[in-house]
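Following: one structure in C-alpha cells, then a few remarks.
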Amino acid sequence: SKNAFRNADGEVEIAGRTAASIVAEMGSPVYVIDEDDFRTRAREWRDAFAGWDVFYAGKSFLCTTVARWIAEEGLGLDVCSGGELAVALRGGMTPARIGMHGNNKSVDELRAGLSAGVGRIIVDSSHEITRLEQLCAELGTVAEVMIRVTTGVEAHTHEYIATAHEDQKFGFSINGGAALVAMVRSHHSPYIDLKGIHSHIGSQIFDTNGFEVAARRTLKLMAQFHEATGVTLADLDLGGGFGISYIKEDTPATPAELAAGLRLIVEHECRGFGLPVPRMSIEPGRAICGPPGTAIYTVGTVKTVDIGSGQSRRYVAVDGGMSDNIRPALYAAEYSATLANRAGEGGPVLSRVVGKHCEGGDILVRDEFLPDDVGPGDLIAVPAAGAYSRSMASNYNHVPRPPVVAVRDGHLSTLLRRETMDDLLALDPGA
Ligand code: LLP
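Structural data, given as C-alpha cells:
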C-alpha cells in the first residue's frame, strides 16, 4: 500500500499501525486494507476516465463496506453472481449503478437483477437472451443489456485469465459473426433495451496495446450494427484487467496514461466510422483493491533442506497458505514477502515461504531473501495481496478463512470477521 513502510524500529507499518499491533488485535493470519489507499486508487481511475464511467469489479474483493466506499467515491459496481449482487445491494449500492456479469447466470440470479433494477445486464449467450425475454415477460419489465463480445485479442497473460481469444467460454465471437447476430436479435426484442457492447480481454495485463485493439474491433462492430439497423449504440465497455505491481519487475501504466491512449484511439476510430463517441466505461478490480491490501502471517516452522549440488533451500512455513491465497498455486503468480515485526539480523537467505496445507504446491512466495534469523513467532507481510485473495479463499483442510480489516489513521475496523470452527461445523448436521 502507498502508506505502508518500515519504521525506525524496522517494523512494517500500515496507515499508522504496526503489523504486530494489528496481529495483536485481530489475530493471524489477517488481510489488511489501507482504506485511504483504496479510496485514492478508486478516485484515480474515476478522475482519469472522467466523462467515461468506471465500474469496480467486485469479484476482486467485495463486502458491504467496500460497496459503500465504491458508491461514496462515485464509481459503479460490477457483480458476477447472485451473491455479489446481494452484497452490493446490502452495501447500499444504487441498483442503477450495478452491472451484472456471468457466462451462465441462473434464472434466479437474472430475476434478482431485474427485480432490483440493475443498470445493465451483460449478456453472454443466446440461452441467456431467451431466459431474459421469458423473465421480462413474467415481470412486466424491459432489461437494459450489453452484449459481451470476444474480440480475438491475444492478451499476454496466464492462459487461465485470458478471455478474448476464440477458444474459451465467454461472450459472442465478433469474427464468427455471432456477436452481430445477438445484437440484432436483442435490438428487435420487445423485452430488451440494447445499450451497447462489452469486451474484457483478460487480467493482469501490462501491454496497453491489447485494450486499444479491442477498442478498434468493438467500434468497428458498432459501425456494422449501425449499418445493419440504422441504430447508434450508446455504450461501450472495455472491461478490466489492468496489471499491478506484485514484484518490482512489474511496471503497470498509470490510469492517466491508459485513459489518454484509449481516448485518442476511440475518438480517431469514431471519426473514421462517422459515429459519435459512445459512453465509454471500464471495470478495474485488481488495480483498485490489490495494492492497498497486505496479508500478514506468523511463522511457525523453519527448515533448511539439501537440494543437491551442495545447495540448500530454506522453507519458512506460515499459518496460512493456499486457502487464503490460491493465486501462486493456480497461476504461478509471483508475490514478495518481508519480515514485518523487526528488521532482522544476519545476511539475506534465499527462502521459500510456504503454507500449512497438505500439498507440496502450497507455496506463497517461491523465492525471497529473508534475514538469517527469521524464526517461529516472526511476522511475514505479503504486499499487494488485496485482490483475489480473500475473494478466492477456501476452507481447504477445514482452515477457517482469515478476517479482513481496514486501517485508517491508525484505527482498525473489521470488514469481514475471522471464520470460526463453529462456522465450519454449523454446515455439518452430524456435528
Ligand atoms: N470485468 C470482467 C468482465 C472480468 O471478467 C474481470 C475479471 C474484471 C472486469 C476485473 O479484472 P481485473 O481488473 O481485476 O483484472 N482471479 C484471477 C483473475 C480472473 C479475473 C476474472 N475476471 C486472478 O486472481 O488473477
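The sequence shown begins at 37 in UniProt numbering and counts up by one.
All C-beta atoms in this analysis are idealised placements derived from N, C-alpha and C, irrespective of residue type, glycine included.
Note that this is a predicted model, so its numbers are computed, not measured.
Self-check item: Where the beta strand (DSSP E) containing T265 begins and where it ends
Solution: For the purposes of this step, residue 265 is taken as residue 229 along the sequence shown, with counting starting at 1. Unbroken run through T265 is the alpha helix (DSSP H), N245 to T265; no beta strand (DSSP E).
Practice problem: Check whether the Cβ of H137 lies closer than 7 Å to any heavy atom of ligand 1, and answer yes or no. | Solution: Locating residue 137 in the sequence shown gives position 101, counting from the first residue. Distance from the C-beta of H137 to the nearest heavy atom of ligand 1 is below 7 Å.
Quiz item: Taking 7 Å as the line, does the beta carbon of H236 fall inside it for any heavy atom of ligand 1?
Solution: Looking up residue 236 in the sequence shown gives position 200. Checking the 7 Å criterion, the Cβ of H236 is within range of a heavy atom belonging to ligand 1.
Quiz item: Of all the alpha helix (DSSP H) runs that stay within the bounds of the stretch 137–177, which reach a length of 4 or more residues?
Solution: 143–152 and 162–175
Quiz item: Helix, strand or coil for Y282 per DSSP?
Solution: In the sequence shown, residue 282 corresponds to position 246, counting from 1. Y282: coil per DSSP, three-state reduction.
Self-check item: Rounded Cβ spacing between A148 and D229 (contact assumed at less than 8 Å)
Solution: For the purposes of this step, residue 148 is taken as residue 112 along the sequence shown, with counting starting at 1. For the purposes of this step, residue 229 is taken as residue 193 along the sequence shown, with counting starting at 1. Not confirmed; about 19 Å, so no contact.
Quiz item: Between the Cα of V435 and the Cα atoms of S427, R454 and G446, which residue gives the shortest distance?
Solution: Reading the sequence shown from its first residue, position 399 is the one you call residue 435. Nearest of S427, R454 and G446 to V435, Cα basis: R454.
Quiz item: From P65, C99, G112 and S57, pick the residue whose C-alpha is nearest to that of residue 35; which is it?
Solution: The requested residue 35 does not occur in the structure, where the chain is confined to residues 37 to 467.
Quiz item: Do M316 and ligand 1 come close, with the Cβ less than 7 Å from some heavy atom?
Solution: Your numbering for residue 316 matches position 280 in the sequence shown. Not so, every heavy atom of ligand 1 lies at least 7 Å from the Cβ.
Quiz item: Would the beta-carbon of D72 be found less than 7 Å away from any heavy atom of ligand 1?
Solution: Counting from 1 along the sequence shown, the entry for residue 72 is found at position 36. At a cut-off of 7 Å, the beta-carbon of D72 does not count as near ligand 1: no heavy atom of the ligand is closer than that.
Self-check item: Local Cβ density within 10 Å of G357, reported as buried at 16 or more and exposed below that
Solution: Here residue 357 is taken as the residue at index 321 of the sequence shown, counted from 1. So G357 counts as buried.
Quiz item: Do M136 and R156 have their C-beta atoms closer together than 8 Å?
Solution: On the sequence shown, position 100 is the one that residue 136 refers to. On the sequence shown, position 120 is the one that residue 156 refers to. Going by C-beta atoms, M136 is nearer than 8 Å to R156.
Quiz prompt | Beta-carbon proximity of V90 to R82, cut-off 8 Å | solution = Here residue 90 is taken as the residue at index 54 of the sequence shown, counted from 1. Here residue 82 is taken as the residue at index 46 of the sequence shown, counted from 1. Yes, the pair counts as a contact, with Cβ atoms nearer than the cut-off.
Exercise. Please work out which residues of its chain come closer than 6 Å, Cβ to Cβ, to S387, disregarding the five sequence neighbours upstream and downstream, and give them in chain order.
Key: Residue numbering aside, residue 387 sits at position 351 when the sequence shown is read from its first letter. Result list for S387: R350, V352, E404 and L406, in chain order.
Quiz prompt | C-beta contact flag for Y371 and S64 at 8 Å | solution = Locating residue 371 in the sequence shown gives position 335, where the first residue counts as 1. Locating residue 64 in the sequence shown gives position 28, where the first residue counts as 1. Going by C-beta atoms, Y371 is not nearer than 8 Å to S64.
Exercise. With DSSP as the reference, label H393 as helix, strand or coil.
Key: Mapped onto the sequence shown, residue 393 falls at position 357. Looking at H393 - three-state DSSP - the assignment turns out to be coil, as it is neither helix nor strand.
Quiz item: Using a Cβ-Cβ cut-off of 6 Å (strictly less than) and excluding sequence neighbours within five positions of G80, which residues of its own chain qualify?
Solution: Within the sequence shown, the letter at position 44 stands for residue 80. Note that residue 80 is Glu in the sequence shown, not Gly. Closer than 6 Å at Cβ, skipping near neighbours: P291.
Quiz item: Skipping 5 residues on each side, what residues in its chain have a beta carbon closer than 7 Å to that of N361?
Solution: The count along the sequence shown starts at 1 and reaches residue 361 at position 325. Cβ neighbours of N361 beyond the five flanking positions: A331, L400, A421 and S425.
Quiz item: From A296 to G326, what distance separates their C-alpha atoms?
Solution: Taking the first residue of the sequence shown as 1, we reach residue 296 at position 260. Taking the first residue of the sequence shown as 1, we reach residue 326 at position 290. Between A296 and G326, the C-alpha separation is close to 23 Å.
Quiz item: So the alpha helix (DSSP H) A55 belongs to, where does it begin and stop?
Solution: Along the sequence shown, one-based indexing puts residue 55 at 19. Counting along the chain, the alpha helix (DSSP H) containing A55 begins and ends at A55 to M62.
Quiz item: Could you give the distance in angstroms between the alpha-carbon of D70 and the alpha-carbon of L269?
Solution: Stepping through the sequence shown from its first residue, residue 70 is reached at position 34. Stepping through the sequence shown from its first residue, residue 269 is reached at position 233. Each residue's Cα considered, the two are about 39 Å apart.
Quiz item: Cβ atoms of E381 and D342: under 8 Å apart, would you say?
Solution: Taking the sequence shown and counting its residues from 1, one reaches residue 342 at position 306. Taking the sequence shown and counting its residues from 1, one reaches residue 381 at position 345. Cβ atoms of D342 and E381: not closer than 8 Å.
Exercise. Taking the CB atoms as reference points, tell me whether F206 and T187 lie closer together than 8 Å.
Key: As a first step, residue 206 is located in the sequence shown; it is residue number 170 there, counting from the start. As a first step, residue 187 is located in the sequence shown; it is residue number 151 there, counting from the start. No, the pair does not count as a contact, with Cβ atoms beyond the cut-off.
Quiz item: Buried or exposed: where does T254 fall if 16 or more other Cβ atoms within 10 Å of its Cβ makes it buried?
Solution: For the purposes of this step, residue 254 is taken as residue 218 along the sequence shown, with counting starting at 1. Under this definition T254 is a buried residue.
Practice problem: Between the Cα of V389 and those of R378, A417 and N377, spot the shortest distance and give me the residue it belongs to. | Solution: Locating residue 389 in the sequence shown gives position 353, where the first residue counts as 1. It is A417 whose Cα lies nearest to the Cα of V389.
Quiz item: Would DSSP call L463 helix, strand or coil?
Solution: Sequence index remark: in the sequence shown, residue 463 carries index 427 (1-based). Note: L463 maps to coil in three-state DSSP.
Quiz item: My guess is that L257 and L300 are in contact by the Cβ rule of under 8 Å, so how many angstroms apart are they, rounded?
Solution: Walking along the sequence shown from the start, residue 257 turns up at place 221. Walking along the sequence shown from the start, residue 300 turns up at place 264. Going by Cβ atoms, the distance from L257 to L300 rounds to 20 Å, so no, they are not a contact pair.
Quiz item: Quick check: the stretch 217–227 against the stretch 159–170, are there 3 or more CB pairs under 8 Å?
Solution: yes
Quiz item: Thinking C-alpha only, which one of G310, A289 and T337 is nearest A323?
Solution: As a working note, residue 323 is residue 287 in the sequence shown. Looking at the Cα atoms, A289 is the closest of the given residues.
Quiz prompt | Cβ pair L415, A56 closer than 8 Å | solution = Translated into positions along the sequence shown, residue 415 becomes position 379. Translated into positions along the sequence shown, residue 56 becomes position 20. Yes.
Quiz item: Would you call the stretch 265–281 and the stretch 236–246 touching, i.e. three or more CB-CB distances under 8 Å?
Solution: yes
Quiz item: Considering R42, what are the terminal residues of the beta strand (DSSP E) in which it resides?
Solution: Here residue 42 refers to the residue found at position 6 when the sequence shown is read from its first residue. From DSSP, the beta strand (DSSP E) with R42 extends over A40 to R42.
Self-check item: Spatial neighbours of G46 in its chain, beta-carbon cut-off 6 Å, leaving aside the 5 residues before and after
Solution: On the sequence shown, position 10 is the one that residue 46 refers to. Correct list, in chain order: R378 and A379.
Practice problem: Confirm the yes/no value for this check: CB of D160, any heavy atom of ligand 1, distance under 7 Å. | Solution: In the sequence shown, counting from the first residue as 1, residue 160 sits at position 124. No; taking the cut-off as 7 Å, the Cβ of D160 has no heavy atom of ligand 1 nearer than that.
Quiz item: Exposed or buried, M182, counting other C-beta atoms within 10 Å across all chains shown (16 or more means buried)?
Solution: Mapped onto the sequence shown, residue 182 falls at position 146. Answer is buried; the Cβ neighbour count reaches 16.
Self-check item: K95: CB within 7 Å of a non-hydrogen atom of ligand 1
Solution: On the sequence shown, position 59 is the one that residue 95 refers to. Yes, the beta carbon of K95 sits closer than 7 Å to at least one heavy atom of ligand 1.
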